[in-house]
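Engineer: Take a look at this one; I'll ask things after.
Numbering (full-length UniProt numbering), first residue to last: 1 to 199.
Printed below as a string of structure tokens:
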């Protein structure tokens with residue numbers, strides 16, 4: 001799967017983005033960060049530290065809650081620096097994906113960052129157990145939708161990194177691949193998270 005910055009930006013501009021419009025919920029942002037590697041573009045995915053109070057050990061994208069007065073773009077870029085040691089600016093942002101409302105009470109805004117050559121990364125040990133540069137070709141997978149008794153909506157998960165990546169990360173990564181890599185206007189807000197991620 002090949003992708004360049006210009007194509008990604010154009011496809012994201014063409015997406016009629018859907019905002020959640022839920023100001024009563026906590027607002028958060030994640031960085032969908034594309035790096036340029038010798039084998040082609042890759043996406044930064046982290047494994048959260050095992051000792052974290054929330055969502056310990058889960059696969060994630062760099063991100064977190066908005067600070068007072070912050071925009072989603074500002075928050076995503078700040079979290080990218082804090083979590084993996086990668087500093088990028090607003091000019092590196094190529095677009096936004098649809099908001100995703102999490103079961104834990106957040107509106108997550110995915111901010112797509114084209115980082116280019118990222119060089120050496122410096123994961124924050126307190127938050128990040130490891131950071132992976134996943135080739136976009138490895139993300140070209142069919143999602144698995146699983147029915148659960150707790151919800152009428154199917155849980156989305158992706159077979160990645162030797163196991164399963166679940167929503168919300170799986171939902172965001174899947175929409176990114178569909179929109180930026182394929183030019184499709186695929187929606188994911190209706191897809192469920194596994195029960196263990198509801199807390």
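C-beta: ideal position from N, C-alpha, C; glycine also.
Looking at the secondary structure, which residues open and close the alpha helix (DSSP H) in which residue 125 lies?
Structural biologist: Careful: residue 125 lies outside any alpha helix (DSSP H) and carries neither H nor E.
Engineer: Secondary structure at residue 45, three-state DSSP: helix, strand or coil?
Structural biologist: In the structure shown, residue 45 sits in a strand (DSSP, three-state: E or B).
Engineer: Work out the CA separation of residue 45 and residue 135 for me, nearest whole Å.
Structural biologist: Computed Cα separation, rounded: 10 Å.
Engineer: Determine the direct distance from the alpha carbon of residue 106 to that of residue 66, and round the result to whole angstroms.
Structural biologist: In a straight line, the C-alpha of residue 66 is about 10 Å away from that of residue 106.
Engineer: Quick one: Cα of residue 35 to Cα of residue 86, how far?
Structural biologist: Cα to Cα, residue 35 sits roughly 11 Å from residue 86.
Engineer: Once DSSP output is grouped into helix, strand and coil, what is the label at residue 6?
Structural biologist: Residue state, collapsed to three classes: helix.
Engineer: To the nearest whole angstrom, what separates the beta carbons of residue 113 and residue 33, a pair I think is in contact under 8 Å?
Structural biologist: The Cβ separation is near 5 Å, so the contact holds.
Engineer: Using C-beta distances below 6 Å, list every residue in its chain close to residue 109, excluding the 5 sequence neighbours before and after it, in chain order.
Structural biologist: Hits under 6 Å: 29, 72 and 99.
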